[in-house]
Amino acid sequence: MNRVIFFTILILLSGCSKRETPVDIGNREKILHLGNLSEPKDLDPHVVTGVSAYNIISALLEGLVTDDPNDPSEKTVPGVAESWTTSADQKVYTFKLRNDAKWSNGDPVIAEDFVFSYQRMLAPAMGSPYAYMLHLLKNGRAYNLGTLNVFNQVGVKALDDKTLELTLEQPTPSFLSQLNHWSWFPIHPPTILKFGKQNQMGTAWTKPENYVGNGPFTLKAWRQNQSIVVQKNSLYWDAETVQLNEIHFHPIGDHMIEERSFRAGQLHVTGTVPIDRVRYYKDSKPDQLRLDPYLRSYYYLLNINKPPLNDIRVRKALAMTIDRETLAQFVTRSGEDPAYSFTPPYLTGYTPPIRFSTDIEAAKKLLADADFPNGDNFPAMTLLFHTSDLHTRIAEVIQQMWKDNLGIHIELENVEWKVYQDRRKNRQYDIARAEWVADYADPSSFLDVWLTDGGNNHAGWSSAEYDTLLKKASLTVDTSERSSLFNQAESILIDEQPIIPLIFLPSKSLIQPSVKGWNPSILDHHPYKFIRLEVN
Amino acid sequence: MSGHKPQKSSLWADSWKQLRKNHAAIAGLIILTILISASILAPWLTPYSFEEQNLALGASCPSLEHWLGTDTLGRDLFTRLLYGGRTSFLVGFCATVVSLLIGVPYGAISGYSGGKVDSVMMRIVDILYTMPFTILVIILMVVFGRNILLMFGAIGAIQWLVMARIIRGQVLALRKQAFVESAIAIGASRRRIIFKHIIPNVMGIIIVYTTLTIPHVMLMETFLSFLGLGIQPPMSSWGLLIKDGASVMETYPWLLISPALVFSVTLFSMNFLGDGLRDALDPRFSKGRS
Amino acid sequence: MLKFILRRLLELIPVLLISITLVFFMVRLAPGGPFTAEKSFTAEAIERLNEHYGLDKPIMVQYGNYLLNLLKGDLGPSFQYPSRSVNDIIKETFPVSLELGALAMLFALFVGLMAGIVASLKPNTLQDHVPMGLAMTGICMPSFVLGPLLILIFGLWLGWFNASGWELPIDRVLPVITLGSAYAAYISRLTRGSMLEVLPSDYIRTARAKGLSEANVIFKHTLKNALLPVVSYLGPATAGILTGSFVVETIFNIPGMGRMFVLAAFNRDYTLILGLVVFFSLLVVAFNAVVDILLGLLNPKLRMHS
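Protein chains in written order, with our numbering: chain R, 1 to 536; chain X, 537 to 826; chain C, 827 to 1132.
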């Protein structure tokens, strides 16, 4: 009963005056509230995999290079390294670390820290999911797979405290872009060793009271499933650029609630926008809506070993009957671009090939040629996806398109997330939904998926020619020649159609007018040190 | 045995007479009958199919062509409600029957036996109650595939636990009462006492709890559908329609209002009918009244 | 009493052991392990991770190790959140769910019992139909509708509350109402139902005939006996409500245990699932023991009067 009275009083009190929202307070105190969609696994760059972890780690740690504020995806600017030189054969990079780069406990950031970090990342015992990013280093792969036991043969060397030499397996034009991935970020060796062994995961070092980083912010609080708070790091070398005092990350998983929290003044920027609210913002608050191109490709996987999908005519017929423009305009409705290639057309210097178009008559003919005129005798097939509003809607619409245009009926099968992943990995599907988000801004981040030995090649598709072209591209330094090799490879992929490209999903967010410096980025990177909060 | 028969049928006739006097219950019965028949006769009541899309139309307000409006893919909501009713009624009734068939005798036997038997039986309920339902369902699906019967089983299997506990609590109290003790005294078998004397006396609470279970089960179906065990898209159910409607309640309120309304009307009808049945069937209660 | 508690404690051992054993093997049967992800880990990485968590050992060895650690009170590391132990997670999330659940249960009991009693006193009149109608509305309104609706009305339109979060005392109001209403509805229906059964009993008539006050009759005699099914229902329900609700915690972004329970299953976080099951079992057994004590206390009355 006391509680009831207590609450009643609270309600009355709060009803009397307009409350100051967290966003109002944040604008005044320079505290940024971000929607982060989900709780990160951990804050150890050698352990994590997801975007939600990256969003926080990029505030806490800084690599040799860092995001260019004007083009945070494709360009990098010096980070811990103030300059670097490249050998004539493009295989040896020598980085000069800045003198004022410090860890948040005051220790200087030295070249040995990077050696320690990369050794940890590549150590077989760590089982780090992104260790393959460091296979670029000479002998990195061998060490990671355990065939080489001596780390001093791996291409990373501290020439002195402030000079780091990285030797690559082969020339890699996208190296600097890849270097901005969190897998290349350093960690503080004494802290790691204080709480465990070098190659031990899951120790207490990532707790707020223990965390030592070298980024523009330090970890202040981590309340699981509630919020993660980072505060300005006064020891950061570029601390004067940093305008924010704190960033609060809120893991709100329900998109509708996230949007409402935004409206209630609890978030400055959301992680996404519910499909059905996009039009509302477009019409009435366009300045609060951001729909930016993003390196995210949404497609259907075809199990090419299973009849009738082993017949290329059937695969092409399926791909050609989907009206992608309708899908984007009426179903997903958030500024998606129709996809006819696997790689999105947003990368500078690479235009993906267009090898087919929506052509229902031609598709019917192909299906008839494959012995299924008007879809007769077409065997029972299912479309596998994991349950989500978006996937269900897209699947329902495509099911209908195939039925109306080809006369074939595909059953829809929605399953739980892990079941879906398991079945996809073991190729227990006919058609499966899939998507790919690039790790770095380069065609190889997409096209490497379909290498014969690619870990994510769930279609079981393999082409020696494709592999050769990609191998060749990875060794090519000349950008236009390289781009043309990628184009040829992708043409092969699309011609053989082990996948049906559907749409390119944008990065969607709602943003308060007070947030400045939040620039479009095809990797969805938003370097926090350049973000400002200003009330007009 | 045959000697009891006429007596029994007159009990049923009495109950029916009693029920007919209860207007709310009869109204409930009529509404339920209408809703169930409408679901069954869905194809004849609407010119649309539940999966037919009209993407250019999209979500539209109720109109003459579409009485209850259309959903985001331009599908007729009235039609989807009719078809969704099939799923929801089927799941609601079947799963509840499963839970009754297991829970009532189980609880009655446990409560009546008491002592060690009761302890063991109730600890089994405790164990099952703590099983992680999500994992259980996922494994069942792997073993048996997507199967509507399995869904009834899965829901029933979880729902009977609370039912058993409630019945057991009641029976624990009943078994010391005079009429049970006199039945024991005249040498009635255990089975006969439980099924002829005890269960009829807990009928009231069974009916009340059943009317609570049915809506619960209808909503639980949405979670099973999420896991992939329920119905598969584009088929729908009331629970799914309400859930979808709830996620767009501001933009397209009609997508929430009509499914929620139909669901509520169904539950109200069921409750009125349930209360009426309870009054009519409960031997003590009707005696007390007459 | 002491004997009863001791016996229950002894019974706990087989219950826990069977639960753990079932769940231990069950979770490993579900497709997809803890390390399957959208971007596949390399086979080597998965092998290392399995080694790290001892998942490469024969299953019976894993099982034995788990039980040994459990004896020491160690529930193991979480697979999904490597830097947190299951003990940590329970320590952090349970107080939150406990607070939410306890408040919601108080709300549900208060509203539910009141509505149930009021309704039962004059069956089939307005006094019955209004509270029962409200109760029915509570049942018809699943929390995934009620929660967002409350946020919309009181959070956004009226601006009284935050739309989500668990920072200030005022943030408790909407989740407590959302979570409590469904239980309130159940309690009121059960209360009304059994009140109606008890009210016409001979001993209540006797009590009335003796000239006892109506309040005395209702609260001392009728309610005590009518509470039986409510109490039976409350045992498992309380254990359930205190360990949190996935839907309500997700809607209001509350860092509670209910969310963890479902996420652990989705993530195939074997140790976390097991740890939560162990914890939940303890609660269920404890609350059911309390229920049995209560039933025992309510029972003799019934026997005496009939």
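Where a beta carbon is used, it is the ideal one built from N, C-alpha and C, also for glycine.
To which residues of the same chain is residue i closer than 8 Å at the C-beta, ignoring the five residues directly before and after it?
| i | result |
| --- | --- |
| X:I899 | For chain X, the structure presents residues 537 to 826; residue 899 of chain X sits outside this window and is missing. |
| X:H540 | Any reading at X:H540 needs caution, since the residue's pLDDT is 43, under 50, leaving its predicted position unreliable; the model's value is listed next. Correct list: empty, nothing qualifies. |
| C:R1129 | Note that C:R1129 scores a pLDDT of 39, beneath 50, so its modelled location is shaky and nothing firm can be said. |
| R:Q266 | T21, P22, V23, H33 and H250 |
| C:V1043 | I1030, A1033 and R1034 |
| X:F821 | In this prediction, X:F821 has a pLDDT of 49, which is less than 50 and means its spatial position is unreliable; what the coordinates show is noted afterwards. Cβ neighbours of X:F821 beyond the five flanking positions: G740, R814 and D815. |
Which residue marks the beginning of the alpha helix (DSSP H) containing residue i, and which one marks its end?
| i | result |
| --- | --- |
| R:T476 | First-last for R:T476: undefined, no H or E at that position. |
| C:D914 | V912 to L947 |
| C:E873 | A869 to H878 |
| X:F680 | F669 to F680 |
| C:H955 | L952 to C966 |
| R:K282 | I275 to S284 |
| X:L664 | G651 to T666 |
For residue i, which option in the options has the closest C-alpha, if you only look at C-alpha atoms?
| i | options | result |
| --- | --- | --- |
| R:N456 | C:T868, C:A856 and C:V1073 | C:T868 |
| R:S341 | R:P498, R:D24 and R:S117 | R:P498 |
| R:V51 | R:A239, R:Y294 and R:K162 | R:Y294 |
| C:T862 | C:I1119, C:R1094, C:V1117 and C:L1123 | C:R1094 |
| R:W222 | R:E496, R:A53 and R:Q399 | R:A53 |
| R:I410 | R:D376, R:R424 and R:Y440 | R:D376 |
| R:L176 | R:E416, R:Y429 and R:T94 | R:T94 |
| R:N303 | R:E240, R:Y211, R:A434 and R:T86 | R:A434 |
| R:L64 | R:I31, R:E165 and R:D439 | R:E165 |
| C:K829 | C:L1121, C:L1124 and C:A1115 | C:A1115 |
| C:Q953 | C:A961, C:V944 and C:L960 | C:V944 |
| R:S227 | R:S38, R:L505, R:V212 and R:Y429 | R:S38 |
Check the Cβ of residue i against every Cβ in chain R and list those closer than 9 Å, keeping chain order.
| i | result |
| --- | --- |
| X:I674 | V415, E416, K418 and V419 |
Can you list, in chain order, the residues of its chain whose CB lies under 6 Å from that of residue i, leaving out five sequence neighbours each side?
| i | result |
| --- | --- |
| R:Y466 | A489 and I492 |
| C:G1101 | L901 and V912 |
| X:I622 | Note on identity: in this sequence residue 622 of chain X is Arg, with Ile being the wrong assignment. Answer for X:R622: S575, listed in chain order. |
| C:F905 | P860 and D1095 |
| R:Y130 | S183 |
Within a Cβ cutoff of 7 Å, which residues of the same chain sit near residue i, ignoring the five residues on either side of it in sequence?
| i | result |
| --- | --- |
| C:S923 | L1068, T1069, G1070, G1082, M1083 and G1084 |
| R:E534 | S514 and K516 |
| X:G775 | S624, M754, L755, E757 and T758 |
| C:T1097 | L901, G902, P903, S904, F905 and V912 |
Bridge partners of residue i, per DSSP?
| i | result |
| --- | --- |
| R:A81 | R:L97 |
| R:W222 | R:I228 |
| R:P501 | R:Y299 |
| R:F249 | R:L34 and R:I228 |
| R:E435 | R:Y298 |
| R:T272 | For R:T272, which the question treats as bridged, DSSP gives no partner whatsoever. |
| C:K898 | Answer is none; C:K898 lacks a bridge partner. |
| R:K102 | R:P108 |
Who are the neighbours of residue i on chain R, taking C-beta pairs under 8 Å?
| i | result |
| --- | --- |
| C:I1077 | D254 and I257 |
What residues of chain C sit near residue i, judged by a beta carbon separation below 7 Å?
| i | result |
| --- | --- |
| X:I741 | G1019, S1020 and P1055 |
| X:I691 | The premise fails here: X:I691 is roughly 15 Å from chain C at the closest Cβ pair, so nothing lies under 7 Å. |
By the DSSP assignment, the beta strand (DSSP E) with residue i in it spans what residues?
| i | result |
| --- | --- |
| R:M381 | M381 to H386 |
| R:S509 | S507 to L510 |
Flag residue i as yes if its beta-carbon sits less than 8 Å from any beta-carbon of chain D, otherwise no.
| i | result |
| --- | --- |
| X:R701 | Among the chains of the structure shown, chain D does not appear; the protein chains present are R, X and C. |
Identify the contact partners of residue i in chain C, using a Cβ-Cβ distance below 8 Å as the criterion.
| i | result |
| --- | --- |
| R:Y132 | T868 |
| R:L145 | E870 |
| R:K207 | S909 |
Can you name the residues of chain X whose CB is closer than 7 Å to the CB of residue i?
| i | result |
| --- | --- |
| C:I844 | I663 |
| R:F114 | Ordered by position in chain X, no residue passes the 7 Å Cβ test against R:F114, which lies about 43 Å from the chain. |
Using a Cβ cut-off of 8 Å, pull out every chain X residue sitting near residue i, in sequence order please.
| i | result |
| --- | --- |
| C:Y1012 | L748 |
| C:T963 | S800 |
Chain R partners of residue i, CB-CB under 7 Å?
| i | result |
| --- | --- |
| C:W992 | Q226 |
Please indicate yes or no: does the CB of residue i lie closer than 7 Å to some heavy atom of the ligand GDP?
| i | result |
| --- | --- |
| X:S800 | With respect to the ligand GDP, the structure offers nothing, as it holds no ligand at all. |
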